[in-house]
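Protein chains: 2
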Amino acid sequence: MFILEKGIDVPIQEMSLQNGEHKTEEFRAKNPLGQVPLLELTDGTYVSESVSICRYLEECYPEKPLFGTTPAERAHIDMWQRRMELRVFIPAVEYGHHTHPFFAPRIKQFPDWGASNREVIEATYDWLEQELRSRPFIYGESFTIADITGFNGVQLAEVWGIGIQNRGNLAKWRDGINARESARVVRYAPRAS
Amino acid sequence: MFILEKGIDVPIQEMSLQNGEHKTEEFRAKNPLGQVPLLELTDGTYVSESVSICRYLEECYPEKPLFGTTPAERAHIDMWQRRMELRVFIPAVEYGHHTHPFFAPRIKQFPDWGASNREVIEATYDWLEQELRSRPFIYGESFTIADITGFNGVQLAEVWGIGIQNRGNLAKWRDGINARESARVVRYAPRAS
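Next up, the structure:
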């Protein structure tokens, strides 16, 4: 989504996670954690962690800035990106991992704790509903990395049945982002049924 | 610790968390989350989130860089800072919050899940023990924000009784950082007894 928003051309190699291509020795030599995404830099080294990758690409391609253009703006946007990550995206990941049957054979689940992540998400939604009264995007007047992280979290929570319900400002924000061309890549499987 | 390493002068106002000074309406007007630390920028706005604050200060005071000096270096350091945060520091926070009696009246604890964070920390320690065979610091040859985050996580885990045990490389790294003047501010209470 970040790459599409930037309008940059980054060669992409898709991997089959179901076949465990990210757990091979060859891949672990590039990222010992065996996780995607992974970016090969021009110097031949590799960087993992989605936000670190986005930050690097922003430095290489400063046009259409998504991390801000002044130190103060970058500080605020970084703060909001972290809030979206720690209070929406990661709780949505944990909620799914620890409550959905799909993950039962894959990880040790703690269903009660997993379910408690819904409260974190709902509380954040209540807060965002207030924040979005006075501005169209998470940080302010323009679309940033904080919207990308937040939108991904909202979409993932929706997969697990945690909707934004009757929060009108949040819905307007979500629908606006969903209408962007870049949002087409934000799909999750499996769908909770 | 970051401010001491940078050798910069940032006016500090201490707050009594025990008296709930971070939960007052006045403070929430600055940070709706009611959390410290919080930095007032020169434009009169406020930024929370420790790492966002450090990143801002790094931009304002580029000497003695702790986030790297080239895009590639910054990408690697940002990745390692995130790894230290997500795999040592936050698990140490969660372990304490969910297993220690001190927090029992303060949050809803999920002790089994809390205890499982020890495995995350131990696995990360095993990995770091290997990584630190070939370099003195988390990212490479120089001290960075990744060392600060990692060291804070290691110290906090130690408070809860999760030690680095007989991992020699990790111990050498920890002791080296502990000997730095800046490490004196890394203290946690309550001590697990």
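Those protein sequences? They're chains A and B, same order as listed.
Take the first sequence: its letter number 134 is residue 137 in the numbering used here, and every next letter is one higher.
Take the second sequence: its letter number 103 is residue 106 in the numbering used here, and every next letter is one higher.
Even glycine gets a Cβ: it sits at the ideal position worked out from N, Cα and C.
Counting the other Cβ atoms within 10 Å of the Cβ of B:SER137 gives fewer than 16, which makes it exposed. Just so you know, the alpha carbons of A:GLU132 and A:ILE110 end up roughly 34 Å apart. Counting C-beta pairs closer than 8 Å gives three or more between the segment 54–71 of chain A and the segment 139–150 of chain A, which meets the contact rule.
For A:ALA75, the closest alpha carbon among the candidates A:GLY143, A:TRP163, A:ARG177 and A:GLU161 is that of A:GLY143. Comparing alpha-carbon positions, the option among B:ILE124, B:GLY179 and B:ASN172 lying closest to B:LEU159 turns out to be B:ILE124. Under the 8 Å criterion on CB atoms, B:MET82 is classed as interfacial with respect to chain A. Residues of the same chain with a CB within less than 6 Å of the CB of A:ILE11, apart from the 5 flanking positions on each side, are TYR64 in chain order. At least 8 Å separates the CB of B:ARG109 from every CB of chain A. A:SER145 sits in coil when the DSSP states are folded into three classes, being neither helix nor strand. Taking a beta-carbon distance threshold of 8 Å, A:GLU8 does not count as an interface residue toward chain B. Taking a 10 Å sphere around the C-beta of A:LEU20, we find fewer than 16 other C-beta atoms and assign the residue as exposed. The alpha-carbon of B:GLN16 is positioned some 15 Å away from that of B:ASN34. For A:GLU184, the three-state secondary structure derived from DSSP is helix.
Within the segment 63–89 of chain B, the residues whose Cβ lies closer than 8 Å to some Cβ of chain A are CYS63, PRO74, ALA75, ARG77, ALA78, HIS79, ASP81, MET82, ARG85 and ARG86, listed in chain order. In the three-state DSSP reduction, A:GLU43 falls in the strand class (E or B). Going by C-alpha positions, A:MET4 is about 23 Å away from B:GLN84. In the same chain as A:MET87, and ignoring 5 residues on each side of it, the C-beta atoms closer than 7 Å to its own belong to ILE141, ALA149, THR152, GLY153 and GLY156, in chain order.
For B:THR48, the chain A residues whose C-beta falls within less than 8 Å of its own C-beta are ALA75 and HIS79, listed in chain order. When beta bridges are read from the DSSP output, B:TYR49 appears opposite B:GLU43. In the structure shown, the three-state DSSP call for B:ILE124 is helix. In terms of Cβ geometry, A:ALA78 and B:SER185 do not form a close pair [threshold 8 Å]. In the three-state reduction of the DSSP assignment, A:ALA107 falls in the coil class.
In this model, B:LYS67 and B:ASP178 are separated by some 21 Å (Cα to Cα). The alpha-carbon separation between A:GLU24 and A:GLY37 amounts to approximately 9 Å.
Around B:TRP130, the beta-carbon contacts reaching into chain A at under 7 Å are PRO35. For A:LYS33, the secondary structure class from DSSP, reduced to helix, strand or coil, is helix.
With 16 or more other Cβ atoms inside 10 Å of its own Cβ, B:THR102 counts as buried.
DSSP places A:ASP81 in the uninterrupted alpha helix (DSSP H) bounded by 74–87.
Annotation for A:GLN112: HIS100, HIS101, THR102 and PHE106 place their beta carbon closer than 8 Å to its own, counting only its chain and skipping 5 residues before and after.
By the beta-carbon neighbour count (other beta carbons within 10 angstroms, threshold 16), A:PRO94 is buried.
In the three-state reduction of the DSSP assignment, A:LYS67 falls in the coil class, being assigned neither a helical nor a strand state.
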